[in-house]
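FYI, the numbering for the sequence shown is -30 to -1, 1 to 608, going by mature numbering (1 follows the signal peptide of the UniProt record, and there is no 0).
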Amino acid sequence: MKDLKTSPIMRHCLPGALTAALAAALAACASVDAPEQPSGFIAPAGTLVEEHIPVRMRDGIRLDTDIYVPDSGRTPVPTVLIRTPYASEMGRGGEGFKAQLIKAGYAVVEQHERGRYFSEGDFTMIPNPVEDGLDTFDWITAQPWSDGAIGTYGCSSSAENQLKLASLNHPAHRAMIPRSAGVGVAEAGPFREQGNFWRGGVWQQGWFNYFYEEMQQPWPKLPAGLDDDAWQRAAASFSVDNDGDAREQDFYDGIRLHLPMAEMAQAGDGAVTDFEDYIARGPVHPDWDDNRLTDEDAEAIRVPGFWAEALYDISARSTAAAFETARAANEAAGAGNQYIILTNGQHCGFGREQAETMIGDRPIGDARLDYDALSIAFFDHYLKGTGTAPDIAPVMAYMAGENAWQEFDALRDPSVLPTGENALIFTLTSGGSANTLEGDGALTRDAAQAGSDSFVYDPADPVISRGGEISGMGTDQQDGSYDQREIEAREDVLVYTSEVLREDLPVFGFAHAQLFVSSDAPDTDFTVKIVDVAPDGTAWNIADTILRMRYRDGLETPVFMQDGEVYEIAPPPMLIANTFEKGHRVRVEISSSNFPSYARSLNTAADPYNSTEVAIATNTVHHGGTTPSRIILPLAGK
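Structure representation (structure tokens):
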């Protein structure tokens, strides 16, 4: 249970915890003015501030809502809406983006999603983004300080609740700025990640720590039956400590290998989350689409969008694919109004870049960008009708390696393989011993002779993740780029490396792996990692992917393998913005685990999440001849 803290006035009137006696106590304290809620935000002078307004939704649920309106609310202005499950989307103090928006002439409305803080109702991941969003739009446009134009803004959950809502094209919804919105996408092109939970049919276990820590229920509730005035007074008199249940890393270390996986939460301290429900759904279930964007939704978006994604953030690739669907649909409709910024960064790290930016352990130069100025200019154009459209290309990406921003007209469809001058193809080859960094695996531009490499995968001893697209908590949750040579020393990791590059190789877009594989197990995983090898040997991870073999023919129809039969597979594409510099080499790692980024395959035909049965598998990658396993890289600027 989250801790409740009372303000000084309410401590005097209400000793003890929040209870059902609150209604009577509030009546007894009616003569005492409600204290100002110490939100930590210092509004600019002349701002109309009203906090903890109970805004009613169509089902009667009241959502805790704060408003900040310039010019004391005397002049109707456009509104920027942030709906969030967190304490505050835009921080504290008086110099942050919230203050900038108010000074720029925008009303700011922050609203807690249902079931969080003092908002009523039940919390789930992205609760009621459509109905609650539409009802809040209608409430805002009915206020005397609203001029009828609304933009939505936010990162993480505050971005994810924008996407499905934008597909409804409410007339007041004139612009959106979603950042790091992976949970908000159910499907996008070849991706069926169902909001960060799955990839290639495998549970993305890497963010279990965060999910378990932050997405708990129950939250404290105000007593039923309070009228709106009493409700607002009560909410203004208490604060909820969002950090009361932090766990040490040892806690997660103790449960991450637990079997069956579906009981992992109970194996900890039994926090109540949606984890069990999401695992039970599996990678395909109609409920995933309820509050999340589908391809059909993305095609329907006509709300101008200024998206942002970080390439080392979980599920950035699916959000980028959804953007490309929306961009192409709007362009076909004659509206070039979708923009995206792709940075080699981490979850919601926009604006935290430095003159010497580090992504994990890798230095990538000066990646700074004035996101606030770009965002206000975007809102000015689409909400106020002033200024010109953003003076950037539809796609702006920070290219690690060359360490510079580049502009592109599009991302290209991730469902379509790059070909011709748009692609560089590396074929895997070896003398039969590609195991470890010291093996004979190679990447070649030429045709290769038939061969194969095998390794033993033991689920009890998985390859440990080092960096990558993790957004979580703890020492095993280090997202970013790190030296992979320790991993490449393992016998169960196949390593294929190119010759030294004679010129820069700029790669931007969706990279594809096409592999020919076999196994003596009925089911297993194959993982792929693309690595940039510096002249000193440092091996920086750039992107990775995974496929569970039972889903090689589609997530809807699991089909098990036959011992010794060779299968052609195509794991989900990888999103890359990296220049492999002259003197560097390109490397590909292949294994069967990347843990805890991805849950382990147990190598059996049983339900992997409700089984304790484990088998050891011998897995093989075939290459050359009639089984040309290869990596297809999309070339930037082609």
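All C-beta atoms, glycine included, are put in the ideal place defined by N, C-alpha and C.
Between the beta-carbon of Y282 and that of G450 there is about 5 Å, and that keeps the pair under the 8 Å contact cut. Secondary structure note for G118: its beta strand (DSSP E) is the uninterrupted segment S116 to C125. S488 places its beta carbon less than 8 Å from that of G534. Rounded to whole angstroms, the separation of the alpha carbons of L312 and T327 is 15 Å. For D34, the enclosing beta strand (DSSP E) starts and ends at R32 to V39.
When Cβ pairs closer than 8 Å are counted between the two stretches, the region 267 to 285 is seen to touch the region 295 to 315, the count reaching three or more. If the five residues before and after N573 are omitted, its C-beta is found closer than 6 Å to the C-beta atoms of A491, T494, A585 and A587, all from its own chain and listed in chain order.
For I147, the uninterrupted beta strand (DSSP E) run begins and ends at H143 to R149, by DSSP. Ranked by how close their Cα comes to the Cα of E456, the residues M27, P333, T406 and Y466 have T406 in first place. Three or more Cβ pairs closer than 8 Å define a contact, and the region 240 to 255 meets that threshold against the region 159 to 171.
Cβ neighbours of M27 within its own chain (closer than 6 Å, five residues either side excluded): D102 and D105. One thing to note: M366 has its Cβ no nearer than 8 Å to the Cβ of A547.
Comparing alpha carbon positions, the residue from L229, S581 and R217 closest to A241 is R217. For H82 and D247, the gap between their C-alpha atoms comes out near 23 Å.
In the DSSP annotation of this structure, G224 is not part of any beta strand (DSSP E); the continuous alpha helix (DSSP H) holding it starts and ends at Q219 to I225.
Put simply, the backbone Cα of V558 is about 14 Å away from that of T508. Counted as a single uninterrupted DSSP element, the beta strand (DSSP E) harbouring T397 occupies residues A393 to T399. Distance check between Q175 and each of R415, D223 and S345 places D223 closest, using alpha-carbon atoms only. Proximity to P432 across P528, A347 and N564 peaks at N564, based on C-alpha coordinates. Going by DSSP, R472 is part of no alpha helix (DSSP H) at all; its letter is neither H nor E. Boundaries of the beta strand (DSSP E) around F276: G275 to A280. Beta-bridge annotation (DSSP): L464 is paired with N405 and I560.
Annotation for A420: no beta strand (DSSP E) segment contains it, and DSSP assigns it neither H nor E. Residues of the same chain with a CB within less than 6 Å of the CB of G330, apart from the 5 flanking positions on each side, are G437, G450, S451 and Y452 in chain order.
Per DSSP, I346 is one residue of the alpha helix (DSSP H) stretching across Y341 to F349.
Buried is the label assigned to E439, since at least 16 other Cβ atoms lie within 10 Å of its Cβ.
V498 is positioned such that its CB atom lies no closer than 8 Å to that of W510. In terms of Cα proximity to F107, the closest of L135, S126 and E130 is L135. When C-alpha distances from A575 are compared across V529, F11 and D265, the shortest belongs to V529. A contact is defined here as three or more CB-CB pairs under 8 Å, and the region 258 to 274 meets this definition with respect to the region 291 to 298.
The Cβ atoms of T289 and A151 sit closer than 8 Å to each other. For F221, the closest alpha carbon among the candidates E183, A205, R415 and G195 is that of E183.
Here G402 is exposed. Its C-beta has fewer than 16 other C-beta atoms within 10 Å.
D244 is positioned such that its CB atom lies no closer than 8 Å to that of Q70.
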